[in-house]
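Trainee: Residue numbering for the sequence shown follows UniProt numbering, starting at 1 and increasing by one per position. From the three backbone atoms N, C-alpha and C, an ideal C-beta is built for every residue, glycine too. No experiment lies behind these values; they were computed from the predicted model shown.
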Amino acid sequence: MPTTNFSLNPRLSPQHQNPPSLRPCSVMSILRKLNTKSPNPQFISSLFFTRFSSSAQYVDPGPFEDPFPDEPTSSYYDHQVFKAGRNGDMATVGYLLNKRIKDGCFNTTKTFSFITNTDSSLSILDPLIQTLSRLDKGITRKQAFDLLIARLCKIERIEDSLRVVQTMMEKGELNAATFHPIVNALAKKKKMEEAWRVVDIMRVAGVKPDVTAYNYLLTAYCSESKLREASAMVKKIEEEGLGADLRTYDALVLGACRVGKVEGGLMLLRNMMDAGISVMYSTHTHLINGMLSIRYYDGAVRFVKACGGRDAMLDQESFGVLANKLVRLGREVEAMVVLSEMKKRGLSF
1 MPTTNFSLNP RLSPQHQNPP SLRPCSVMSI LRKLNTKSPN PQFISSLFFT RFSSSAQYVD
61 PGPFEDPFPD EPTSSYYDHQ VFKAGRNGDM ATVGYLLNKR IKDGCFNTTK TFSFITNTDS
121 SLSILDPLIQ TLSRLDKGIT RKQAFDLLIA RLCKIERIED SLRVVQTMME KGELNAATFH
181 PIVNALAKKK KMEEAWRVVD IMRVAGVKPD VTAYNYLLTA YCSESKLREA SAMVKKIEEE
241 GLGADLRTYD ALVLGACRVG KVEGGLMLLR NMMDAGISVM YSTHTHLING MLSIRYYDGA
301 VRFVKACGGR DAMLDQESFG VLANKLVRLG REVEAMVVLS EMKKRGLSF
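#1: So, with DSSP's three-state summary, where would you put Tyr296?
#2: Does the structure place the region 93 to 100 close enough to the region 125 to 141 that three or more beta carbon pairs sit under 8 Å?
#3: Have a look at Ser74 and Asp146 and give me their C-alpha separation to the nearest angstrom.
#4: One question on the structure: do Leu268 and Ala251 come within less than 8 Å of each other, judged by their Cβ atoms?
#5: Straight-line CA distance for Ala220 to Thr111?
#6: Select from Lys188, Val183 and Val204 the residue whose C-alpha is nearest the C-alpha of Trp196.
#7: Would you tell me roughly how many angstroms separate the C-alpha atoms of Phe349 and Lys343, rounded to the nearest one?
#8: Please name the residue, chosen from Lys142, Lys83, Lys189 and Lys305, that lies closest to Glu170 on a Cα-to-Cα basis.
#9: Between which residues of its own chain and Ser161 is the CB-CB distance below 6 Å, once the five residues before and five after are set aside?
#10: CB Glu334 to CB Leu326, shorter than 8 Å?
#11: Note down, in chain order, each residue of its chain lying with its Cβ closer than 8 Å to the Cβ of Ser225, except the 5 sequence neighbours on either side.
#12: Would you mind reading off the limits of the alpha helix (DSSP H) that contains Ile201?
#13: Express the C-alpha separation of Ile294 and residue 350 in angstroms, rounding to a whole number.
#14: So, for Thr248: in the same chain, excluding its five sequence neighbours on each side, which residues have a beta-carbon less than 6 Å away from its beta-carbon?
#15: How about Val301 and Val338: are their beta carbons less than 8 Å apart?
#16: Specify the secondary structure class of Met291 as computed by DSSP and reduced to three states.
#17: In whole angstroms, give me the CA-to-CA distance for Val165 and Thr116.
#18: Within this structure, are the beta carbons of Leu186 and Val204 separated by less than 8 Å?
#19: Report the start-end ranges of each beta strand (DSSP E) in the region 94 to 138 that is 3 residues or longer and not cut off at the edges.
#20: Quick check: the Cα distance between Lys102 and Thr140, rounded to an integer number of angstroms?
#21: When you compare each of Met90, Leu217 and Tyr297 to Arg328 by their alpha carbons, which one comes out closest?
#22: Over the uninterrupted alpha helix (DSSP H) stretch that includes Asp160, give me the two end residues.
#23: Where does the unbroken alpha helix (DSSP H) through Lys208 begin, and where does it stop?
#24: The alpha helix (DSSP H) that contains Met313, what's its start and end?
#25: Comparing alpha-carbon positions, which option in Thr118, His284 and Met291 lies nearest Gln316?
#26: Rounded to whole angstroms, what's the CA-CA distance from Ser45 to Ala213? Just pull it up for me.
#27: What number of angstroms, rounded off, separates the C-alpha of Thr178 from the C-alpha of Phe319?
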């Protein structure tokens, strides 16, 4: 069986050196007149695969320093895994990871906090991957692998996270969620070429990219005011039949406001509300920031007042953000109006 090496440094195949053009996106009026090039992903040219042994059973390693409580919690297990992992005791790590799921204590983002970006810590990564590969099949092993990938991405060890993907591919436990932390980490760093290569890896591994993965890319383009690339991205989402969700719209509103097209962002918000799509708090914040960036102070005040009264937490967020920004901008008159409105609505400030 041929092996696969998931790397972010493949050679470009000739057919992908000049990606084809995509027509403008049809769902957003501010993008209609843009001609774009598709950010077509680069295909992997050389394939290798690393295997790990998977035949092992984890037995009770003996009494723990902290006895198991009658009703253990995820925090308790995280603490025990941290101590065992820090000491390089992979047998105990494996035992705990199996047992915690049976006890209904799922892994958390802190489970693999003993892995840090130091040589001594990373030296146990291969034994840890082997340990995870021997865990009970199903959610026990899948969730542990996924959270290890998330941890590696958090400490900026992207290549190491792809080695975990290789092992998961052998186990047949990959899905789109496995790749989300990797794509997100690269997109946040604006490493778009590498992010697209990860999308390629998804396809090589037999996993169809989902709207969440594409949203990470879209948000990165919109945050940098790259509306041509954003247009091509939304077109790709449409062509693959994925459908826009609230994060897709949030990214597009961000993009519109970043280039001063607040009216386009407001149109999108209205369309979302008419379609019954939930609106993220950040979407309102994008619009507030957009109005302030073009010095439309009175409009920002009227906007938060018009949206008020539907969601107490949204009111607190929107009014609070606007009041703080107006104060920092020296717009005392408008700030007093907002603070007065907050007092009427019983909001804290």
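Mentor: So, from the data block:
#1: In this structure, Tyr296 counts as coil in the three-state DSSP scheme.
#2: The answer is yes - the region 93 to 100 touches the region 125 to 141, with three or more Cβ pairs under 8 Å.
#3: If you draw a straight line from the Cα of Ser74 to the Cα of Asp146, it comes to about 17 Å.
#4: Not a contact, by the Cβ cut-off of 8 Å.
#5: Taking the straight line from one Cα to the other gives about 28 Å.
#6: Measuring from the Cα of Trp196, the nearest candidate turns out to be Val183.
#7: Straight-line measurement puts the Cα of Lys343 at about 8 Å from the Cα of Phe349.
#8: Nearest neighbour of Glu170 by Cα position, chosen from Lys142, Lys83, Lys189 and Lys305, turns out to be Lys142.
#9: Ile149, Leu152, Cys153 and Ile182, listed in sequence order.
#10: Yes, they are a contact pair.
#11: Beyond the five residues adjoining it in sequence on each side, Ser225 comes within less than 8 Å, by CB distance, of Gly255, Arg258 and Val259 in the same chain, given in chain order.
#12: Under the DSSP assignment, Ile201 falls in the alpha helix (DSSP H) whose first and last residues are Met192 to Val204.
#13: Past the edges of the chain, shown from 1 to 349, lies residue 350, and the structure says nothing about it.
#14: If the five residues before and after Thr248 are omitted, its C-beta is found closer than 6 Å to the C-beta atoms of Asn215, all from its own chain and listed in chain order.
#15: Yes, they are a contact pair.
#16: Helix.
#17: Cα atoms of Val165 and Thr116: separation of roughly 19 Å, rounded to the nearest angstrom.
#18: Taking 8 Å as the Cβ cut-off, Leu186 and Val204 do not qualify as a contacting pair.
#19: Residue ranges of uninterrupted beta strand (DSSP E) with 3 or more members are absent from the region 94 to 138; none lies entirely inside it.
#20: Distance from the CA of Lys102 to the CA of Thr140, rounded to the nearest whole angstrom, comes to 9 Å.
#21: Of Met90, Leu217 and Tyr297, the residue nearest in Cα terms is Tyr297.
#22: Segment Ile158 to Lys171, the alpha helix (DSSP H) holding Asp160.
#23: It is not in any alpha helix (DSSP H) - Lys208 carries neither H nor E in the DSSP assignment.
#24: Ala312 to Arg328 is the span of the alpha helix (DSSP H), which, as asked, contains Met313.
#25: Closest by alpha carbon: His284.
#26: Only weak support exists for where Ser45 lies, its pLDDT of 29 falling under 50; the coordinates are left without a value.
#27: Straight-line Cα distance between these residues: approximately 37 Å.
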